[in-house]
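Participant: If you scroll down you'll find the structure; I have some questions about it.
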Amino acid sequence: MSVVDAPRPVGKLVDRFQEGLDAPICLTWELTYACNLACVHCLSSSGRRDPNELSTQECKAVIDELERMQVFYVNIGGGEPTVRKDFWELVDYATAHKVGVKFSTNGSRIDCEVARRIAASDYVDVQISLDGATAQVNDHVRGPGSYDTAIAAMGHLRDAGFSGFKLSVVCTRQNIAQLDDFKAIADCYGAQLRLTRLRPSGRGADVWDELHPLPEQQKQLYDWLMAHGEDVLTGDSFFHLAAFGESLPGLNLCGAGRVVCLIDPIGDVYACPFAIHESFHAGNVRSPGGFRTVWRDSELFRELRSPQTGGACNSCQHFDSCRGGCMAAKFFTGLPLDGPDPECVLGHGELLLAARGDQVPPKSSPDHSKNQPRRKLERRPSLITLPVIQSRPDRACDESPLAGFAKEQQD
Amino acid sequence: MLEQTAQTSAATEVLPDCAATSTNANPPLEGSALVEADLLVEDVSIDGMCGVY
Amino acid sequence: MPLATTARPSAGTKADFDLDRAWQLHPQVALRPESFGALAYHFGTRRLSFLKSPALRDLVESLADHGTARAACEAAGVGDEQISTYIQALATLATSEMIIEREAS
């Protein structure tokens, strides 16, 4: 690995993208705030359906707009999008109208038949969420039984002959030790592994202090990702780690409001799914002119597309690679947007956080969490000290991908 | 002796080399102009843009 | 490959691309014009290509209308001094399967 980065060819192109395009390249569309799970870190604070959800007709009108704008594909999520009764009607409508679909799911509605249906379409992809390579680690964050549900869904997809679906993981302090195991699970089921960043968004703010990776774990993660190259996806979540050395694959820039955005279940448009807050609200698709007008003319997006200063980060020699990190991560930890990311690899963010004292940072809004006591994350120091498990499963596809592991290395 | 050397190289691996980085921050103009002129096509994974979960 | 490495110019070699075959955009590719050229998304490989020139975009769109890529280049007015740049671009697109050979009509 050379120390000198390859020249950034995108000198011109990156500027173009930062100025925004006439249409998003792709976008996230949260179809519903309803969800059968209650993950502690849910970035959309989902749980309860909003009574004002877009109707089937309104959703189709949005799809018509996306087709006209030539948006290549939508990442349909939520909540749990499959709980909408019109879910398949909308997916089929999108693909019939030249908009590709990748939907994000906890797997609870992926049975044999559904798996076959997905496998049969060239234009439908699926992403299964999993945040632990073992039930112990996963269910701690996503709830009892959620690991088994995800694994079962993956089994159905594999059996239906659908390879290349995504296994998407949010990296936490508790699962950084399991990166090789996640890869083994993905390989076992013919899936592509995707590692993404935990952000202090939605309910994530409540558990960020306990769950976000430690500095040495960030380095570990970066090294692991560099070693795996394009085999492992990241959703470009880790461009803030570019200060460690070479950039990871991807555009390495914040796409929010420039090449991507979020449409939420009630038609509100936000810069990105990690920034569900009034400060990042661009408009609503129900307004005259619909989504297209919001994308092209909203004040927020115009602002995001104007030249951004690095502020306090301008003097840092790494600013060109890390771009000052993630605005959502800064916003929801109460840091100024023109300064370091809370997880700045040089530690500048940590210093600033410490200096912030007791000020309460902004909270995501709206909050559709279920009206039940939030599951508290007990401190589980033992999980942090688990050794990195290097071994591989015994056979290509055991029922449990960890079947070959020593008992004490499993749960 | 060997151990010390190994530790030193491990330490320099953790932080990017400052000299190399600053060289990269100001690439020779001719070089970067060549790169841009030569390459009319670049590609990236559709998963390569931040802001999509 | 990451954007950065794609940008590394290959050390002085002419790209391997047969100008004298018939080419076309892959049927699973959506091509979207942009002011800088075009975005091309391949639904099969899930790769996104940036065509950084409107002229290249027009050339690519016209490939299916010509018996050979060479003829398409000539029709597009690509001069001798530019041809190697376009060959490199077409070769990159062929490697990523954005364009494919077709049965010459």
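Protein chains in written order, with this note's numbering: chain P, 15 to 425; chain L, 516 to 568; chain C, 16 to 120.
We treat Cβ as the ideally placed atom computed from N, Cα and C, and that holds for glycine.
1) Could you tell me which whole alpha helix (DSSP H) segments of length 4 or greater appear in the region 119-147 of chain P?
2) Looking only at its chain, what residues have a beta carbon closer than 6 Å to the beta carbon of residue 184/P, apart from the 5 residues adjacent to it on each side?
3) So, using beta-carbon positions, are residue 42/P and residue 91/P closer together than 8 Å?
4) Pair every Cβ in the region 305-315 of chain P with every Cβ in the region 279-297 of chain P, then say whether three or more of these pairs are closer than 8 Å.
5) Please report the residue range of the beta strand (DSSP E) in which residue 496/P lies.
6) With a threshold of 16 other CB atoms inside 10 Å of the CB of residue 111/P, please say whether the residue is buried or exposed.
7) Between the region 56-74 of chain C and chain L, which residues of the former have a C-beta closer than 8 Å to a C-beta of the latter?
8) If we ignore side chains and look at the alpha-carbon of each, how far apart do residue 353/P and residue 360/P end up?
9) Just the Cα atoms here: how many angstroms apart are residue 3/C and residue 75/C?
10) Any idea what DSSP makes of residue 76/P, helix, strand or coil?
11) How would you list, in chain order, the residues of chain P whose beta-carbon sits under 9 Å from the beta-carbon of residue 45/C?
12) Give a yes or no on whether the C-beta atoms belonging to residue 59/P and residue 381/P are separated by under 8 Å.
13) Looking only at DSSP bridge pairs, what is residue 206/P linked to?
14) From this set, 309/P, 271/P, 46/P, 261/P, which residue's C-alpha is nearest residue 332/P's C-alpha?
15) Can you confirm whether residue 562/L, when its beta carbon is compared against all beta carbons of chain P, has any partner nearer than 8 Å?
16) For residue 51/P, which three-state DSSP category applies?
17) Compare the C-beta of residue 427/P against all C-beta atoms of chain C and say whether one is closer than 8 Å.
18) Given a cut-off of 8 Å on the beta-carbon distance, is the pair residue 91/C and residue 73/C in contact?
19) What are the start and end residues of the beta strand (DSSP E) that includes residue 48/C?
20) Show which residues of chain L have a CB atom less than 7 Å away from the CB atom of residue 111/C.
21) Since residue 560/L is in the beta strand (DSSP E), which residue starts that stretch and which ends it?
22) Name the residue from 358/P, 310/P, 159/P, 143/P whose alpha carbon lies nearest to the alpha carbon of residue 94/P.
23) So, under 8 Å CB-CB, residue 46/P and residue 97/P are touching, yes? Tell me the CB distance rounded to an integer number of Å.
24) Going by DSSP, what residue range makes up the alpha helix (DSSP H) through residue 224/P?
25) Just the chain L side, please: which residues come within less than 7 Å of residue 104/C by C-beta, in chain order?
Facilitator: A quick look at the data gives this:
1) Within the region 119-147 of chain P, the complete alpha helix (DSSP H) runs of at least 4 residues are 126-134.
2) Counting only Cβ-Cβ distances below 6 Å, and skipping sequence neighbours, we find 145, 210, 212.
3) Cβ atoms of residue 42/P and residue 91/P: closer than 8 Å.
4) The region 305-315 of chain P is in contact with the region 279-297 of chain P.
5) Any answer about residue 496/P is impossible in this case: the structure gives chain P only from 15 up to 425.
6) By the 10 Å Cβ count, residue 111/P comes out exposed.
7) From the region 56-74 of chain C, only 56, 61, 62, 63, 64, 65, 66, 67, 68, 71 have a Cβ closer than 8 Å to chain L.
8) Approximately 13 Å, taken between the alpha carbons.
9) The requested residue 3/C does not occur in the structure, where chain C is confined to residues 16 to 120.
10) For residue 76/P, the secondary structure class from DSSP, reduced to helix, strand or coil, is helix.
11) Those are 84, 86, 112, 114, listed as they occur along chain P.
12) Yes, they are a contact pair.
13) Checking the DSSP bridge columns, you'll see residue 206/P partnered with 180/P.
14) Taking only the C-alpha atoms, the option nearest residue 332/P is 261/P.
15) Interface residue, yes.
16) Coil at residue 51/P, not helix or strand.
17) The structure shown does not extend to residue 427/P, since chain P spans only 15 to 425, so no value can be given for it.
18) In contact: residue 91/C and residue 73/C (Cβ atoms closer than 8 Å).
19) Taken as a continuous stretch (DSSP letters only), the beta strand (DSSP E) holding residue 48/C covers 44-49.
20) The contacting residues are 558.
21) Taken as a continuous stretch (DSSP letters only), the beta strand (DSSP E) holding residue 560/L covers 556-560.
22) Per the Cα distances, 143/P.
23) With 8 Å as the limit, residue 46/P and residue 97/P qualify as a contact, their Cβ atoms being about 6 Å apart.
24) Element bounds for residue 224/P: 218-225.
25) Here the neighbours are 555, 556.
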